[in-house]
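Heads up: the sequence shown begins at 12 in this note's numbering, then just goes up one per residue. Beta carbons: idealized from backbone N, C-alpha and C, even for Gly. Notes for the one structure printed next.
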Amino acid sequence: MIEYKDIHEFSAKELERLFLSVEWSSGHYPDKLVVAMRNFETVYSAWDGDKLVGMIGAMDDGIMTAYVHYLLVDPEYHGQTIGRTLVGMVKEHYKDYLRIAVIGYDKEIKFYENCGFVRSEESSPLFITSLWT
Numbered sequence: 012m013i014e015y016k017d018i019h020e021f022s023a024k025e026l027e028r029l030f031l032s033v034e035w036s037s038g039h040y041p042d043k044l045v046v047a048m049r050n051f052e053t054v055y056s057a058w059d060g061d062k063l064v065g066m067i068g069a070m071d072d073g074i075m076t077a078y079v080h081y082l083l084v085d086p087e088y089h090g091q092t093i094g095r096t097l098v099g100m101v102k103e104h105y106k107d108y109l110r111i112a113v114i115g116y117d118k119e120i121k122f123y124e125n126c127g128f129v130r131s132e133e134s135s136p137l138f139i140t141s142l143w144t
């Protein structure tokens with residue numbers, strides 16, 4: 012049974028395993044991820060016993076706009092509605108905000124649309140990054 016938690020403290024090993032399970036290059040920087048999770052405004056995580064199997068992290072301006080930065084679910088747990096549940100938790104947390112934004116990679120667009128997000132016709136995400144995924 013999956014348990015959901017509202018915590019900001021994770022071990023480097025837990026984060027490294029989860030991020031690399033979805034082949035995100037940020038998983039190669041687990042010590043930085045530990046600090047990042049502490050600094051996010053909102054972090055919800057999914058656990059199978061003591062195994063971190065999913066998480067979502069969001070930042071906000073305190074009143075109007077929230078930005079979902081991380082949403083990842085261990086591929087072994089895909090199809091169990093973990094991602095949808097985590098998005099629902101963020102949507103509920105930010106229900107009084109005017110905008111919740113997310114950058115979805117092209118292969119994930121349908122998932123986000125099914126969660127209620129709408130693709131912008133007049134804007135595109137832009138990056139300056141050292142990460143390769």
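Subject >> DSSP three-state assignment for residue 89, whether helix, strand or coil >> reply: Taking the sequence shown and counting its residues from 1, one reaches residue 89 at position 78. Residue 89: coil per DSSP, three-state reduction.
Original post:
Which residue or residues does DSSP assign as beta-bridge partners of residue 112?
Top reply: As a first step, residue 112 must be located in the sequence shown, where it is residue number 101. In the DSSP output, where bridge partners are listed per residue, residue 112 has 78.
**OP:** Inspect the beta-carbon positions of residue 13 and residue 57 and report whether they are closer than 8 Å.
**Re:** Walking along the sequence shown from the start, residue 13 turns up at place 2. Walking along the sequence shown from the start, residue 57 turns up at place 46. Inclusion of residue 13 and residue 57 in the CB contact set at 8 Å is warranted, their separation being smaller than that value.
**OP:** Within 10 angstroms of the Cβ of residue 86, are there 16 or more other Cβ atoms? Answer buried if so, exposed if not.
**Re:** In the sequence shown, counting from the first residue as 1, residue 86 sits at position 75. Classification of residue 86: exposed, given that the 10 Å Cβ count is below 16.
Subject >> Per DSSP, the bridge partner or partners of residue 14 >> reply: Walking along the sequence shown from the start, residue 14 turns up at place 3. Per DSSP, 58.
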